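A.B. asks: Mind having a look at this structure? Questions to follow.
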Amino acid sequence: MPSYGSDAVSDLNVIQGTLHMLVLRALAGESRHGYQIARWIRRRTAGELDIEEGALYPALHRLSRRGWVTSEWGTSENNRRAKYYRLTAKGRRQLREETEQWRRYAAAVGAVLAEEES
Amino acid sequence: MSPPDPGGPGADRPWMEPDEEGEREVGLHLDYLVEELMAEGRTEEEARLEARRRFGDVETARRATRAMARRRNAREERMRMWTGLHHDVRQALRRLISEPGYTVTVIATLTLGLGAVALVGALVWGVLLRPLPFSDPDRLVAVWQDNRREGRPEDLVSPANYTDFRASAGSFEELGARLFFAASLVLEGEGSPESVLVQRATPSFLRALRPSPSAGRLFTEEEGELGRDGVVLLTHAFWQERFDADPAVVGRSLTVGGREVTVVGVLPPSMRSINPDVELWVPLAWDPSVHFTMAPDQRRIGILQLVGRLEPGVELDGARSELEALAAGLAREFPEANDGKGVTVRGLRDELVRGVRPALLVFAGALVLLLLIAAVNVTTLQMARSNVRGAAFAVRRVLGAGRLRLARLSSLESIIPAVVAAILSLVLARFALQTILGLAPASLPREHEVGIDAPIAMAVVLLALFLAILTGLPSALTSLRASPTDLEGARGASAGRRAQRVRSTLVAAELALSLTLLVGAGLLIRSFQAATAEDPGFRHEALLSSYLDVPDSRRGTTDEMLVWYREALGEIEDLPGVAGAGLTSRVPLQARSVLTRLAVEGRPVPEQERPEVEFRRVWPGYFELMGVPIVEGRAFGPDDGPAAEPVAVINEAARRELFAGTDPIGRMVHWSADPDAPFVRIVGVVGDVRHFGLDRPPVPELYIASSQAPSTATSVVVRAEGDAVSLVTPLRARLAALMPGSPAPEVDLVVELARASIADRRFNAVILGVFATAALLLALVGTYGVFSYWVSNQRREVGIRMAMGAGPAEILRLVLLKSARTVVVGLAIGAVGAVVLTRAGASLLYGITPTDPLIFLSAFGLLAAAALAASWLPARRAAAVEPVETLTTE
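Chains as they are written, first to last, in the numbering used here: chain A, 721 to 838; chain B, 2 to 891.
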């Protein structure tokens, strides 16, 4: 069970959901293997989100079960065999939807917070 | 070694177990992390620790990657299977197309067999097996009176008996009755008058069946009473034809048989299963003014058929026992009417199809035989082919093809033709069924329920697949057993001989089956011929029949009617092309029985035991017109008028049965149901006439002169001088002119009636003839194929023999001898089988025994000749072989 230092089950769901979206986003541009996905997320969040890299794999498993990502073995830059993941068409749609949802959510929360301040 | 990876970028991936794959993925990730950390300056040890920390729970990750790998594997396995299958199908198709002779033969053979299955299946299902289209149809039963004293188990029930049954029988939820004979009445009120068939039935009859009306409602119980019965129900077909399926017809008034009635509803199409020809249904009210037999307390004469719905929980046997007990009680209480009368109770569906069942079962039997022959043919074809393929398969095995795949491939080569044949056969059967039903006798019950529909189609497809697997089994087994060692040299003489023995046995079996079919067809065809050849007892060529109805204005007295009849006959005989005309109450070959009890003076016999004779009223000159010979005494003449002594004429059958040894001329007999009617004197004996059909024996008949006691309506027969057909229209016109206000009279060609009376024999003969022909063709193809193959296998031996001095004639004899052995064995077995099987269909035969030697010998000879001819060609080919060729070719 991945430990994020939090006991709340609902937190776990939120985090899982976020992780899905991040992985989907990571694969939006090109296909990557597990390590590349982790690195991308680290870079893009400037290290803010400290996730356990191993947690990516269960996430990828769920995503592939839903038919949002597929994988195939290929050769990496330094000639190593690696398993590359990429988005399916369904996955792209899902990414769009989730991004939309997240933006609305963030905007709503932001509005609430802004109100409180003023 | 696995087949090449179907695709994907970066292909040429190594084959990995899913668990291994999962481990690798995680391991790679960690390696990358370690490298990155080391590039930042840490030592390897530190880097590993840090990498582990950053990665987190390795085991969970590994589980996930392993699961993903397994899913991928499964998916790819499935895709490989599909691709493999696709590939195999294409290859099977290619092979089949490259051998068109084989493929077409197999498809044609299977189509023939499956088409026959579809046809007979549709008939047997639609007529015999399918439940009647009413709710809970197996609760419906039909009840007859079983007249044990006179040996008539399906006798009609009298109104009084019916009422008593209905009142006391607790086994029935509903028990209804219908008048067995439909009445032909005139319908007026909507357009021109039309003659319609009307069925009279009690409201309980309809309630027992529970049909859902297409419009309106059914009869109420009150409408079954005299005075309240001015209602009518339309049948569905009639409603569509005459009223354009207009629902507003309910409530309209019509005039039927001179009575005004209101339409209360329209019956659904399912009622066609009960009686397909009737146009209207009216309530059966006990009305002695219609006919004296319809009085409610009339017990002696049966006029009704009963149909009932069993009370829930009651079974057929229980109902039968109860009715038997009631009948016994009635026999005790009313001995003159009911003595010796029990009941016959049957399920309604069985009752309706009783007449046709034997024929249909014979067809089903013939079908099974044909199918077996087809299956044997296809099997031998495939076996022959598989031997050739054996080498090809062996090569593939060497190259690594799996056994199962080879088996699948060869199964596909059986399945694909079978599926094609199934589709073709359904199409073929659809067309053929139309033709067959057109030929079918009018008496085929439930004809409208016969069609190639979903259950039949499914059965055919399943059967096709079953046949494909069955017939392809030997070949599949061969390919399963094919091993690379088969490539080395000859496959062993013993294996080849064994295979050939199997094939020869199959051909012998096929010949046996064909013989049975040929014998069966021959017997039915001969029965048909025998029936056709029967002397009907009168000259039916150039003969027309119609009816004459004395107009109301001329029905006053007997003399008036006689005058009218004379005028009418004169007018008809005046028509150009008419050689003569006569009157009779019943036209021969129209199977309507009118019986009456005959009392011979000087033989006091209680009424119930008096012999029954068929009763006819004919005009003087009738026998001469019809060409019925006058065997003794005289026929009726111009002096036999109402004032003269009442006279009668009997036929030879009556003389044999009633007056054996004594002279009937001059004897007085009493025929009327009215005890005060006078005795009549027998003045002549005439030849027998087959009144009920060419294949029914003549029965005793009594004729009286209608010039002495005319009825208000009778049938007229007209002999044409030349062509009868050209006389139809003028005769119809003349009759219409004689009977103004009546609907246009129907004119029948008596020859057509003769044909129709044996229509079912013709039908049986045709169907079985078709089967037998198909069987013969298939047997020929089978024999040819097997011997052709055998000969080509024997080329080496033939070559050796010829090199040692055998001439072509000797070779020919050798081959023919071998084939003759197989043929004779097969036919001998077939003869035995045919003797046994044809007994089962004996009830369909006429004038011939099931073991008629002539038929057997002819069938035997025909098949033997055909089979030997089929092996002639291969034999000649063998004899024409050059010895050098065979010895040097390998």
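Backbone N, C-alpha and C fix where the C-beta goes; we use that ideal spot for every residue, glycine too. Treat the numbers as computed from the prediction; the structure is a model and nothing was measured.
Sorted by chain position, which residues of the same chain lie with C-beta nearer than 8 angstroms to H740(A)'s C-beta, five sequence neighbours on each side aside?
C.D. replies: Beyond the five residues adjoining it in sequence on each side, H740(A) comes within less than 8 angstroms, by CB distance, of A779, R782, L783, E818 in the same chain, given in chain order.
A.B. asks: Is the Cβ-Cβ distance between S716(B) and V588(B) less than 7 angstroms?
C.D. replies: yes
A.B. asks: Output the distance between the C-alpha atoms of P731(B) and L545(B), rounded to the nearest integer angstrom.
C.D. replies: 12 angstroms
A.B. asks: Got a sec: is the Cβ-Cβ distance from L29(B) to anything in chain A below 7 angstroms?
C.D. replies: yes
A.B. asks: So which of D32(B), S274(B), V369(B), A423(B) has the shortest CA-CA distance to E352(B)?
C.D. replies: S274(B)
A.B. asks: Using the DSSP secondary-structure output, state which residues sit across from L1(B) in a beta bridge.
C.D. replies: Absent from the structure is residue 1(B), since the part of chain B shown begins at 2 and ends at 891.
A.B. asks: Terminal residues of the continuous alpha helix (DSSP H) containing F206(B)?
C.D. replies: 204-210
A.B. asks: Spatial neighbours of G343(B) within its chain, please: C-beta separation below 7 angstroms, excluding the five flanking residues on both sides.
C.D. replies: D147, R149, E325, A328
A.B. asks: Quick one: is E615(B) buried, meaning 16 or more other Cβ sit within 10 Å of its Cβ, or exposed?
C.D. replies: buried
A.B. asks: Tell me the DSSP secondary structure of R492(B) in three-state form.
C.D. replies: Here the model assigns R492(B) a pLDDT of 49, short of 50, so the residue's position is not dependable, and the following value carries that caveat. DSSP places R492(B) in coil when its eight states are reduced to three.
A.B. asks: Along the chain, where does the alpha helix (DSSP H) containing G356(B) start, and where does it finish?
C.D. replies: Here G356(B) belongs to no alpha helix (DSSP H), and DSSP marks it neither H nor E.
A.B. asks: If you run the structure through DSSP and keep just helix, strand and coil, what is S322(B)?
C.D. replies: helix
A.B. asks: Would you list the residues sitting across from Y548(B) in a DSSP beta bridge?
C.D. replies: S716(B)
A.B. asks: Is there at least one Cβ from chain A nearer than 7 angstroms to F467(B)'s Cβ?
C.D. replies: no
A.B. asks: In chain order, what residues of the same chain lie with their CB nearer than 8 angstroms to the CB of G770(B), ignoring the 5 residues before and after it?
C.D. replies: A522, L525, I526
A.B. asks: Please classify Q821(A): is it buried, with 16 or more other beta-carbons within 10 angstroms of its beta-carbon, or exposed?
C.D. replies: exposed
A.B. asks: Checking 7 angstroms against the spacing of the C-beta atoms, do H671(B) and A775(B) come in under that value?
C.D. replies: No, the pair does not count as a contact, with Cβ atoms beyond the cut-off.
A.B. asks: With DSSP run on the structure shown, which of helix, strand or coil describes Q306(B)?
C.D. replies: Q306(B): strand per DSSP, three-state reduction.
A.B. asks: How would you write the range of the alpha helix (DSSP H) that R840(B) sits in, first residue to last?
C.D. replies: That run of the alpha helix (DSSP H) goes 809-841.
A.B. asks: Kindly indicate which three-state DSSP category A834(A) falls into: helix, strand or coil?
C.D. replies: helix
A.B. asks: According to DSSP, simplified to helix, strand and coil, what is M459(B)?
C.D. replies: helix
A.B. asks: Assign F239(B) to buried or exposed, taking buried as 16 or more other Cβ atoms, counted over all protein chains shown, within 10 Å of its Cβ.
C.D. replies: By the neighbour-count rule (16 or more Cβ atoms within 10 Å), F239(B) is buried.
A.B. asks: Tell me the rounded alpha-carbon separation between R878(B) and G473(B).
C.D. replies: 29 angstroms
A.B. asks: Is the shortest distance between the beta-carbon of A802(A) and the beta-carbons of chain B less than 7 angstroms?
C.D. replies: Closer than 7 angstroms: yes.
A.B. asks: Tell me, please, whether the region 79-92 of chain B touches the region 346-363 of chain B by the rule of three or more beta-carbon pairs shorter than 8 angstroms.
C.D. replies: no
A.B. asks: Between F432(B), L464(B), R53(B), Q383(B), which has its C-alpha nearest V451(B)'s C-alpha?
C.D. replies: F432(B)
A.B. asks: Taking 8 angstroms as the limit between beta carbons, can you name the residues of its chain near T221(B), skipping five residues before and five after?
C.D. replies: P204
A.B. asks: In terms of DSSP beta bridges, what is M669(B) paired with?
C.D. replies: R682(B)
A.B. asks: Going along chain B in order, which residues have a C-beta closer than 7 angstroms to the C-beta of G774(A)?
C.D. replies: F56, G57, D58, V59, T61, A62
A.B. asks: In the DSSP assignment, what are the bridge partners of A600(B)?
C.D. replies: H671(B)
A.B. asks: In this structure, does DSSP put A52(B) in helix, strand or coil?
C.D. replies: helix
A.B. asks: Near L413(B), what residues of its chain come up, given a Cβ to Cβ distance below 7 angstroms and the 5 sequence neighbours on each side ignored?
C.D. replies: D89, V90, A93
A.B. asks: Considering only residues of the same chain and omitting the five flanking positions on each side of L919(B), which have a CB-CB separation below 7 angstroms?
C.D. replies: With chain B covering 2 to 891 only, the question about residue 919(B) has no answer from this structure.
A.B. asks: Can you give the Cα-Cα distance for I108(B) and A422(B), rounded to whole angstroms?
C.D. replies: 5 angstroms
A.B. asks: So, are the CB atoms of R763(B) and F467(B) less than 7 angstroms apart?
C.D. replies: no
A.B. asks: Quick check: the region 626-646 of chain B against the region 531-543 of chain B, are at least 3 beta-carbon pairs closer than 8 angstroms?
C.D. replies: yes
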